[in-house]
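> I have a structure here, written as structure tokens, and I will follow up with some questions on it.
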Amino acid sequence: MRRSIVAGLIAVAVCISGGFGPTARAAGTWTATAPMSGARSGLAVGAVSGVLYAVGGHDGGGTFDTVEAYNSLTNAWTMKAPMTRRSNLGVGVINDILYAVGGVGNANVVEAYDPAANTWTAKAPMLNARGYLGVGVVDGILYAVGGEDGGPPVNTVEAYDPTTNTWTTKASMPTARFALAVGVVNGILYAVGGADQQVVDLATVEAYDPATDTWTTKASMPTARSYLGVGVVDGELYAVGGIDVARAIYSKVEAFDPATNTWTTKEPMSVGRFDLAVAAVNGDLYAVGGHDGLTSLNVVEGYATLISVGGVAEQPDVTTLPSAARMSARTYKAYIFGTVLAFFAVAGAATRRRKRHTSDKSANA
59 MRRSIVAGLI
69 AVAVCISGGF
79 GPTARAAGTW
89 TATAPMSGAR
99 SGLAVGAVSG
109 VLYAVGGHDG
119 GGTFDTVEAY
129 NSLTNAWTMK
139 APMTRRSNLG
149 VGVINDILYA
159 VGGVGNANVV
169 EAYDPAANTW
179 TAKAPMLNAR
189 GYLGVGVVDG
199 ILYAVGGEDG
209 GPPVNTVEAY
219 DPTTNTWTTK
229 ASMPTARFAL
239 AVGVVNGILY
249 AVGGADQQVV
259 DLATVEAYDP
269 ATDTWTTKAS
279 MPTARSYLGV
289 GVVDGELYAV
299 GGIDVARAIY
309 SKVEAFDPAT
319 NTWTTKEPMS
329 VGRFDLAVAA
339 VNGDLYAVGG
349 HDGLTSLNVV
359 EGYATLISVG
369 GVAEQPDVTT
379 LPSAARMSAR
389 TYKAYIFGTV
399 LAFFAVAGAA
409 TRRRKRHTSD
419 KSANA
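Per the working numbering, the very first residue in the sequence shown carries number 59; after that it's consecutive.
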């Protein structure tokens, strides 16, 4: 009797945690889930009522209007109503409505998606159109942070109030940057990583308090990188994947605890990638799509935080691509879009360095 009760509780826990369908594994490890229908990088993701929505993106040949929804209980993706096509946008969720903000291709567009009606509605544009930005939500207000507007990176911060459909300028971020990631923990917005005007990848972490409209510098990430993803689980901010100026493409994951202002290395993804999207659903972290240096990906992995039913596999920590001269911001963005991927074919196969990891054990690239 007791054994059956325990088994039942485990089954319930798998469902509550997201569970990755029938392939749930140990807490603190990554597990492959159902892939998206098509490969894309530069996408954005958000969760509404336990369902993950992946919107927009590109594949090196053009931007997408694609919207897909992932149900972790069935481990399946479903196509939804398309939005205005764009990539490298930001996404935030307020009252079960998903907001798609800015982006490359249509930087002035802000749209709201209602999953219940499967419809998109145009909203007031940002005061400063931009892509490569970060987006976070605090107390029902959406914040659009950094990015670039066709020139150098900006430190612009704007706040959107859905009740009035208006944008307001807020205190500028101390560090101008693009291709950053944003997460919110306990009402504080954290801007993580990115690249500056010289296309130097950053380890910078800055925290914004909407209550005082002020920014504070926090402990830097152990690994400087841009085009990373960020998700928040149980009060910790996870920085996932990304790329650096040496063309190292990371699978590594580092977690920031705001309570102690410290970073901890976590289990890496099985696939090194940048220009990916990351979000938390039902207490688990999902890394969606991205680029591995050769092609855009439809790969999706889930990071279990609540279930412990398996082991840990050997996984790569970083993929180092052939070194190249420092690129201008324009060339760097072209590289991200796949227009100079021929470089990799000429340079040869990427090298890989592997390390064995255990959950939460520190590792250096």
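Don't be surprised by glycine CBs; every beta carbon is placed ideally from N, CA and C.
(1) Using 10 angstroms around the beta-carbon of Ala345, count the other beta-carbons present and answer buried if the total reaches 16, otherwise exposed.
(2) Mark Lys181 as exposed unless 16 or more other C-beta atoms lie within 10 angstroms of its C-beta, in which case mark it buried.
(3) Quick test of your reading: Gly347 and Ala362, contact by CB under 8 Å. State the CB separation rounded to the nearest angstrom.
(4) Do you know offhand how far Val49's Cα is from Val242's?
(5) If contacts are defined as beta-carbon pairs under 8 Å, then Gly204 and Ala234 qualify, I think. What distance do you get, rounded to the angstrom?
(6) DSSP puts Phe30 in a beta bridge; with which residues?
(7) Among Val106, Tyr248, Asp259, Met327, whose alpha-carbon lies nearest the alpha-carbon of Glu294?
(8) Which word fits Met137, buried or exposed, when buried means at least 16 other C-beta atoms lie within 10 angstroms of its C-beta?
(9) Bridge partners for Pro220 per DSSP, in chain order?
(10) For Gly150 versus Gly189, is the C-beta distance shorter than 9 Å?
(11) Exposed or buried, Ser309, counting other C-beta atoms within 10 Å across all chains shown (16 or more means buried)?
(12) For Leu286, which three-state DSSP category applies?
(13) Can you tell which of Val103, Ile307, Ala317, Ala85 has the C-alpha that lies nearest to the C-alpha of Ala337?
(14) Of all the options Gly194, Ala229, Phe236, which has the alpha carbon lying nearest to the alpha carbon of Val212?
(15) Contact check, Pro93 vs Val311 under 8 Å by CB: the rounded distance?
(16) What do you reckon, is the C-beta of Val212 under 8 Å from a heavy atom of the ligand MN?
(17) Which parts of the segment 106–168 are runs of the beta strand (DSSP E), unbroken and 3 residues or longer, counting only runs that do not cross its ends?
(18) Following the continuous beta strand (DSSP E) through Glu325, name the residue where it begins and the one where it ends.
(19) Hey, how far is the Cα of Asp267 from the Cα of Asn244?
(20) Select from Leu185, Leu156, Phe332 the residue whose C-alpha is nearest the C-alpha of Trp13.
(21) Going by DSSP, which residues form a beta bridge with Tyr248?
(22) List the whole-angstrom C-beta distance separating Ile152 from Gly198, where the pair is believed to meet the contact cut-off of C-beta under 8 Å.
(23) Tell me whether the beta-carbon of Leu286 lies closer than 9 Å to the beta-carbon of Gly251.
Looking at the coordinates:
(1) Along the sequence shown, one-based indexing puts residue 345 at 287. Ala345 is buried by the Cβ-count criterion.
(2) Looking up residue 181 in the sequence shown gives position 123. So Lys181 counts as buried.
(3) Position 289 of the sequence shown, counted from the start, is the residue given in the question as residue 347. Position 304 of the sequence shown, counted from the start, is the residue given in the question as residue 362. That belief does not hold up - the Cβ atoms of Gly347 and Ala362 are roughly 20 Å apart, past 8 Å.
(4) There is simply no residue 49 to check, as the chain begins at 59 and stops at 423 in what is shown.
(5) Indexing the sequence shown from 1 puts residue 204 at position 146. Indexing the sequence shown from 1 puts residue 234 at position 176. 7 Å between Cβ atoms; contact.
(6) What is shown of the chain runs 59 to 423, which leaves residue 30 out entirely.
(7) Sequence index remark: in the sequence shown, residue 294 carries index 236 (1-based). Residue Tyr248 is the option with its Cα nearest to Glu294.
(8) Position 79 of the sequence shown, counting from 1, holds the residue named residue 137. The residue is exposed, with fewer than 16 neighbouring Cβ atoms inside 10 Å.
(9) Along the sequence shown, read from residue 1 onward, the residue named residue 220 stands at position 162. Pro220 is not bridged to any residue.
(10) Within the sequence shown, the letter at position 92 stands for residue 150. Within the sequence shown, the letter at position 131 stands for residue 189. Result no, Cβ atoms of Gly150 and Gly189 do not sit closer than 9 Å.
(11) As a position in the sequence shown, residue 309 is number 251, starting the count at 1. Ser309 comes out buried.
(12) The residue you call residue 286 lines up with position 228 of the sequence shown. Here Leu286 sits in coil by DSSP.
(13) On the sequence shown, residue 337 is found 279 positions in, with the first residue counted as 1. The candidate whose alpha carbon is nearest that of Ala337 is Val103.
(14) The count along the sequence shown starts at 1 and reaches residue 212 at position 154. Taking only the C-alpha atoms, the option nearest Val212 is Phe236.
(15) Here the question's residue 93 lines up with position 35 in the sequence shown. Here the question's residue 311 lines up with position 253 in the sequence shown. Not confirmed; about 20 Å, so no contact.
(16) The ligand MN is not part of this structure, which contains no ligands at all.
(17) 109–113, 125–129, 134–137, 148–152, 155–159
(18) In the sequence shown, residue 325 corresponds to position 267, counting from 1. Here Glu325 belongs to no beta strand (DSSP E), and DSSP marks it neither H nor E.
(19) As a first step, residue 267 must be located in the sequence shown, where it is residue number 209. As a first step, residue 244 must be located in the sequence shown, where it is residue number 186. Going by the C-alpha atoms only, they are around 10 Å apart.
(20) Residue coverage of the chain in this structure runs from 59 to 423, which leaves residue 13 outside it and unanswerable.
(21) Locating residue 248 in the sequence shown gives position 190, where the first residue counts as 1. Bridge partners of Tyr248: Gly241, Ala265.
(22) In the sequence shown, residue 152 corresponds to position 94, counting from 1. In the sequence shown, residue 198 corresponds to position 140, counting from 1. Their Cβ separation, rounded to whole angstroms, is 6 Å, which keeps Ile152 and Gly198 in contact under 8 Å.
(23) The residue given as residue 286 occupies position 228 in the sequence shown. The residue given as residue 251 occupies position 193 in the sequence shown. Yes, these two residues count as a Cβ contact at 9 Å.
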